[in-house]
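For the sequence shown, the residue numbers in my numbering are 0 to 279. Built from N, CA and C at the ideal position, the CB exists for glycine as well.
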Amino acid sequence: MSNAAAKEQPPQHFDALRTAILERKHELPKRLTQVAAYALDHPDEIAFGTAASIALSANVQPSTLVRFAQFFGFDGFSGLQMLFRARLRERNSSYEDRLRQLEQDGPALTESSSIFNGFISAAHRSLDAVIAAVEPEKFERAVSILAEADTIYLIAKRRSYPISSYMAYAFGKLKVRFQLVGTAAGIDDDMLAMATPKDAAFAISFSPYASESTAQARVMAARGVPVISLTDSAFSPLAECSKEWFEVVEADHAGFRSLSASMAFAMALTVGIAEARRRH
Numbered sequence: 000m001s002n003a004a005a006k007e008q009p010p011q012h013f014d015a016l017r018t019a020i021l022e023r024k025h026e027l028p029k030r031l032t033q034v035a036a037y038a039l040d041h042p043d044e045i046a047f048g049t050a051a052s053i054a055l056s057a058n059v060q061p062s063t064l065v066r067f068a069q070f071f072g073f074d075g076f077s078g079l080q081m082l083f084r085a086r087l088r089e090r091n092s093s094y095e096d097r098l099r100q101l102e103q104d105g106p107a108l109t110e111s112s113s114i115f116n117g118f119i120s121a122a123h124r125s126l127d128a129v130i131a132a133v134e135p136e137k138f139e140r141a142v143s144i145l146a147e148a149d150t151i152y153l154i155a156k157r158r159s160y161p162i163s164s165y166m167a168y169a170f171g172k173l174k175v176r177f178q179l180v181g182t183a184a185g186i187d188d189d190m191l192a193m194a195t196p197k198d199a200a201f202a203i204s205f206s207p208y209a210s211e212s213t214a215q216a217r218v219m220a221a222r223g224v225p226v227i228s229l230t231d232s233a234f235s236p237l238a239e240c241s242k243e244w245f246e247v248v249e250a251d252h253a254g255f256r257s258l259s260a261s262m263a264f265a266m267a268l269t270v271g272i273a274e275a276r277r278r279h
């Protein structure tokens with residue numbers, strides 16, 4: 000067989016590339032893993048940047064980008080970059096329309112109003128992204144796992160904690176048995192020790208990942224407790240210990256990220272669980 004015939008065919012679209020990266024991430028050397036994580040976390044930067052600027056942001060050499068592209072069958076980095084640019088062209092234009100309108104209004108607005116519009120724009124973008132990112136079948140599987148649990152353990156820290164806190168409030172109103180992990184008495188480990196495979200956990204953590212949340216999710220998974228997680232990258236430590244995991248990347252304004260898409264996802268999950276339990 001000739002070398003040309005034996006050469007691996009590169010993915011033909013972004014979703015295929017993303018799947019290939021996830022399937023082969025354990026084969027990647029350290030530097031290529033670094034590029035993979037950056038590419039999945041910052042797809043727009045890959046689409047728009049130059050090899051030099053992307054390498055600088057990902058903290059690798061430009062030659063590493065070429066090696067990464069070749070690992071997945073491309074002749075060079077430009078071929079891989081085309082998939083990221085095609086992804087942008089295929090995205091729904093509704094957000095772009097809203098953004099252009101806000102930019103047109105910008106000069107007439109006060110500074111405070113501009114900040115307000117900036118955060119609203121980021122929220123719109125986040126919500127558009129989560130609609131495209133969450134697969135209905137996968138969401139249904141997560142609802143089923145959590146709905147069948149005797150007790151749902153909610154694991155979150157720092158920026159993620161408001162999500163689990165509001166889920167706890169809603170579960171209480173919906174009469175769903177839960178346990179919010181994160182006590183002032185410092186008895187989280189004792190609380191988690193009571194969980195059994197008949198229970199389930201919902202863990203939330205975004206970069207930079209809370210080490211305590213990651214450790215707690217891993218302990219639960221090791222003990223046979225199914226873990227569902229909400230995170231922001233395929234390379235999140237939560238992804239590897241979860242039965243099902245969901246990637247939600249919040250857009251930011253001036254470096255500040257909201258929780259608009261994450262909260263919408265969490266509330267849909269919460270109500271979906273309650274409805275599934277009601278039906279059964």
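- For Phe177, the closest of Thr150, Gly223, Leu31 by C-alpha to C-alpha distance is Thr150.
- Thr230 is bridged by DSSP to Glu246.
- Bounds of the beta strand (DSSP E) holding Tyr152 are 151-155.
- In this structure, the straight-line span from the alpha carbon of Leu64 to that of Gly78 is close to 11 Å.
- In the structure shown, the three-state DSSP call for Ala54 is helix.
- Looking at Gln215, Pro236, Asp14, the one whose alpha-carbon comes closest to that of Gly181 is Gln215.
- By the Cβ rule, the segment 236-245 does not count as touching the segment 110-125, because fewer than three pairs are nearer than 8 Å.
- Ranked by Cα distance from Phe201, the first of Ser232, Phe70, Ala221, Met166 is Met166.
- Remark: C-beta atoms of Leu27 and Ala36 do not approach each other more closely than 7 Å.
- Here Gln178 carries a strand assignment [DSSP, helix/strand/coil].
- For Ala121, the uninterrupted alpha helix (DSSP H) run begins and ends at 110-132, by DSSP.
- The shortest C-alpha to C-alpha distance from Phe264 to any of Tyr152, Asp127, Pro225 is the one to Asp127.
- When Cβ pairs closer than 8 Å are counted between the two stretches, the segment 227-244 is seen to touch the segment 204-211, the count reaching three or more.
- For His252, DSSP records a beta bridge to Phe255.
- Here Ile272 has Val142, Leu145, Ala146, Val175 as same chain residues with Cβ atoms under 7 Å from its own Cβ, once five neighbours each way along the sequence are excluded.
- Contact annotation, Ala50 with Phe13: C-beta distance approximately 18 Å; criterion of less than 8 Å not satisfied.
- The continuous stretches of beta strand (DSSP E) do not include Phe205, and DSSP gives it neither H nor E.
- Looking at Lys29, His279, Leu268, Gly48, the one whose alpha-carbon comes closest to that of Lys137 is Leu268.
- Looking at the backbone, the Cα of Asp231 and that of Ile203 are separated by about 9 Å.
- Contact between Phe118 and Ser257 holds, with the beta-carbon distance rounding to 6 Å and staying under 8 Å.
- Closest in alpha carbon position to Arg277, among Leu173, Ser56, Asp198, Gln69, is Leu173.
- Lys197 carries a coil assignment under DSSP once its states are collapsed to helix, strand and coil.
- Counting along the chain, the unbroken alpha helix (DSSP H) around Thr18 starts and ends at 13-23.
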